Amino acid sequence: LYDAVMMYGLALNETLNKGLDASDGMNVVRNLRQKAFSGMTGSVVLDDGGDREPDYWITDMNPYTGYFVKIAEHFGSRRHESNSFQEFRKNILPPEWPTGEVGHEFAPPDTPVCGFMNEFCQEDEAWIIIMTSIFSAIFLTSAVLLTLYLYRKNKFETELLIQCWRIAKDEIEMPVASTAASAAKMQSNSQLKSMVSFGTIQQQYFADCGYYRGQLVALKKIKKEHMQLSRAVLMEFKENKEIIHENLNAFVGAVFDPPNIELVSTYCHKGSLQDIVMNDEVKLDASFKQSFMMDVIKGMNYLHRSHLHSHGNLKSSNCLVDARWTVKITDYGLPSFLAGQQFTEDDYGIYRRKLWTAPEILRENFPPARGTQKGDVYSFAIVMFEIITRSEPYNFDTMTPRDAVNRVRNGESFPFRPTLPSACDCGNKSLVLIQSCWEEKPENRPTFIQIKSTARKMIGKDICYTPNSISILDNILGMMEKYAYNLEEIVEERTLELVEEKKKTDRLLYKMLPSSVADQLKAGKSVTPEDYKSSSIYFSDIVGFTTISCDSSPLQIVDFLNDLYTCFDDIISQHDVYKVETIGDAYMVVSGVPVQNGSRHFAEIANVSLDLLSTVTDFRIRHRPKQQLQLRIGLHSGPCVAGVVGLMMPRYCLFGDTVTKASTMEATGKPLRIHISEEYNRGLMDIGGYDVKPRGEINIRGKGFIKTYWLCGKKGFKKPLPSFE
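full-length UniProt numbering applies: residue 1 is where the sequence shown begins, and numbers increase by one.
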């Protein structure tokens with residue numbers, strides 16, 4: 001600033017000295033040219049244009065020492081001191097250029113080859129346009145890719161936060177019937193156990209079922225009380241939601257409301273593959289078995305090529321079968337979410353779940369949560385064995401699941417595996433494939449890509465098609481025709497069984513109730529009590545039964561009465577009588593009710609009484625063989641009323657004075673004697689042929705003294721009877 005003010009002052013003085021107008025800037029500027037003075041920054045020299053001539057020097061870095069050295073100087077202030085002044089002194093040091101060349105002759109040209117404005121290279125303008133376009137395209141592509149990446153990343157994070165997999169419990173409409181009842185209903189033959197199941201054949205755990213947005217879904221309870229939705233868990237849910245394949249059961253979502261945590265997946269009507277192959281009522285030919293195997297192979301092949309990488313829990317109960325007989329693999333993914341469940345299984349159940357686990361994984365203290373691809377191949381071999389043989393992997397009649405798992409884990413000299421049959425309907429190459437898949441060394445097992453290729457060659461065609469196929473639909477229709485035929489046979493067989501069971505039920509019902517009464521009850525009609533004008537009633541009991549009971553155990557009493565009444569029932573079945581009831585040692589029989597038989601009921605009751613009395617003389621009590629059983633019998637005839645009492649356990653009962661008096665005849669009788677009333681005796685006399693002796697008059701409470709008789713025999717009756725002396 002000092003030099004500028006000084007320069008302006010000198011120019012202003014000279015302008016004034018020349019008598020020029022100092023207010024005219026051009027006059028002042030003209031007096032600035034070719035001036036020199038000493039200023040604060042040194043000597044100041046102005047050229048013809050009024051610009052200062054600077055003093056400067058050029059330095060160059062020595063590549064060996066790393067220091068800058070002076071190679072040229074310029075003294076603009078000395079321009080007017082001598083006519084021999086040189087602007088540059090080039091003889092200080094030669095410059096070393098970036099190319100490695102040394103000397104002024106290698107200096108770059110003062111003007112670029114193409115000029116400063118490219119005015120000398122107009123013919124290369126097209127190349128520049130091309131390069132500019134390329135770089136622009138690269139830039140735009142990079143920008144688009146970066147934008148797309150940021151968009152997808154933002155979308156990904158948004159989807160994680162939205163939790164589109166999450167389902168509220170009230171969004172699922174549960175059926176009115178209980179789960180157990182629904183499971184029982186769905187296990188009918190027509191549906192072939194159409195229920196999603198978890199666990200073993202011996203102990204099935206049926207999943208709850210409900211409707212979510214009109215779709216039938218299965219709910220699997222997760223046995224956890226607390227669960228943290230970490231980023232890893234959210235990622236697993238998102239991964240499972242994105243898995244879509246025809247042989248993988250679709251993951252619908254999850255109910256997350258601790259302690260109520262459930263996985264929701266598509267419902268498969270046929271149940272698990274284990275249910276089907278273990279059900280002897282379902283007929284599976286080779287094509288069905290091959291179809292099941294190929295479905296599992298395709299599902300696992302897709303799973304291994306996906307971001308899930310492996311299954312880790314493949315077994316036949318995790319292979320579900322939908323309504324179109326397509327196998328869909330379930331229970332894949334979600335290792336962090338499923339870890340730490342609180343199972344309450346016993347030792348049997350824990351080891352049974354490990355039957356499909358590869359030996360190298362069994363040996364690990366901390367096996368990978370997702371399993372391994374080679375471990376999945378081993379599990380597939382066990383599943384394939386179940387499909388082909390339609391049996392469990394090991395015979396648990398001779399060993400426990402713990403024994404089987406330990407032998408597989410220990411790695412015997414000859415590896416312990418399920419016993420393969422010598423031949424199978426799917427071809428012996430299937431057995432070879434199984435053996436290669438459960439090799440002891442994981443590296444010797446094939447991949448699912450290789451298994452798929454081998455299976456197709458083994459089957460001889462793509463399993464999705466029939467030999468003369470036009471479309472997949474043809475094969476499905478063919479399979480359904482076989483299923484329908486199989487179902488018809490099952491229905492026919494079950495119908496015959498139902499008819500037979502109905503006959504058994506009817507026979508039992510007719511033994512409990514008179515046939516006419518039973519038919520009315522079966523028809524849903526009410527049974528009206530009926531009045532019978534004439535009937536004969538038999539009562540008997542065992543003399544000394546209380547003493548026998550005190551000296552016997554309950555089981556001995558049951559055996560004794562069962563033997564006795566079985567014998568009695570065989571005898572009365574030969575006569576036109578009806579057994580009303582047995583209560584303890586009391587036995588009641590009637591004739592003329594419910595089917596009226598005129599006056600024949602006198603003879604029928606007399607005949608059955610003599611037969612029973614004869615049988616008792618030879619009857620021996622199992623635990624008291626030396627004791628003679630003493631039966632006391634009472635008979636009476638007259639009118640009575642009969643009807644059914646009760647709904648839950650209906651009983652056919654008789655009412656009236658005749659019943660009471662018949663019971664009195666029995667109570668006032670004697671051991672091994674048949675005590676009859678006067679009314680009954682008159683009926684027998686009208687028929688004739690019976691040996692009746694008078695007993696005399698006895699005092700009956702409420703009746704006074706009445707005449708009674710002993711029935712001692714019948715003309716032509718040759719069976720042994722006790723002595724009546």
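Even for Gly, the Cβ is constructed at its ideal location relative to N, Cα and C.
Remember, it's a predicted structure, so these values are computed and weren't measured experimentally.
- Counting C-beta atoms within 10 angstroms of its own C-beta, K298 has 16 or more neighbours from the protein chains shown and is therefore classed as buried.
- For N406, the enclosing alpha helix (DSSP H) begins and ends at 401 to 410.
- Minimum Cα-Cα distance from M458 among the listed residues E481, L487, D425, E440 corresponds to D425.
- For Y652, the uninterrupted beta strand (DSSP E) segment begins and ends at 651 to 655.
- Around the beta-carbon of K328, 16 or more other beta-carbon atoms lie within 10 Å, marking it buried.
- In the three-state reduction of the DSSP assignment, W325 falls in the coil class, being assigned neither a helical nor a strand state.
- Closest by C-alpha distance to F256, out of S287, E281, L284, K220, is K220.
- Inter-segment contact for the region 493 to 507 and the region 620 to 628 is absent: fewer than three beta-carbon pairs are separated by less than 8 Å.
- For T59, the enclosing beta strand (DSSP E) begins and ends at 55 to 61.
- In its chain, beyond the 5 residues on either side, no residue has a beta carbon closer than 6 Å to the beta carbon of L229.
- Under the criterion of beta carbons closer than 8 Å, R632 and E679 do not qualify as touching, at roughly 20 Å.
- Of the other Cβ atoms in all chains shown, fewer than 16 fall within 10 Å of the Cβ of S573; this residue is therefore exposed.
- A residue is called buried when at least 16 other Cβ atoms come within 10 angstroms of its Cβ; Q215 does not meet this threshold and is exposed.
- Rounded to whole angstroms, the Cβ separation of Y348 and T398 is 15 Å, and the two are not in contact under 8 Å.
- DSSP places C567 in the uninterrupted alpha helix (DSSP H) bounded by 554 to 572.
- Beta-bridge analysis with DSSP links W438 to no other residue.
- Residue range 2 to 17 is occupied by the alpha helix (DSSP H) that includes L12.
- Q274 has its alpha-carbon roughly 11 Å from the corresponding atom of F292.
- With a cutoff of 7 Å on beta-carbon distance, S265 and T326 are scored as not near each other.
- Secondary-structure assignment with DSSP links F539 through a beta bridge to M588, G634.
- Collapsing the DSSP output to three states places W97 in coil.
- Burial check for F366: the Cβ neighbour count within 10 Å stays below 16, so the residue is exposed.
- If you draw a 10 Å sphere on the C-beta of F75, you find 16 or more other C-beta atoms in it, and that means buried.
- By the 16-neighbour rule on beta-carbons within 10 angstroms, T658 is buried.
- Taking every protein chain shown into account, the CB of L477 has fewer than 16 other CB atoms within 10 angstroms, so this residue is exposed.
- When DSSP reads this structure, D425 sits in no beta bridge, so it has no partner.
- V69 and P54 have their alpha carbons spaced roughly 20 Å apart.
- The beta carbon of P650 sits closer than 6 Å to those of V644, all from its chain and outside the five residues before and after it, given in chain order.
- When only Cα atoms are considered, M480 and E489 end up about 14 Å apart.
- The beta carbon of E173 sits closer than 8 Å to the beta carbons of G210, Y211, Y212 from its chain, once the five residues preceding and following it are set aside; these are given in chain order.
- Cβ-Cβ distances below 7 Å link R402 to D347, Y351 in the same chain, with the five nearest sequence neighbours on each side left out; the list follows chain order.
- Residue environment for Q290: buried (at least 16 other C-beta atoms within 10 angstroms of its C-beta).
- If the five residues before and after V277 are omitted, its C-beta is found closer than 6 Å to the C-beta atoms of E386, I387, R390, all from its own chain and listed in chain order.
- Judged by their CB atoms, V641 and D531 are nearer to each other than the 7 Å cut-off.
- D21 is bridged by DSSP to nothing; it lacks a bridge partner.
- Excluding sequence positions up to five before and after R33, its CB lies within less than 8 Å of the CB of L46, D47, D48, G49, G50, all in the same chain and listed in chain order.
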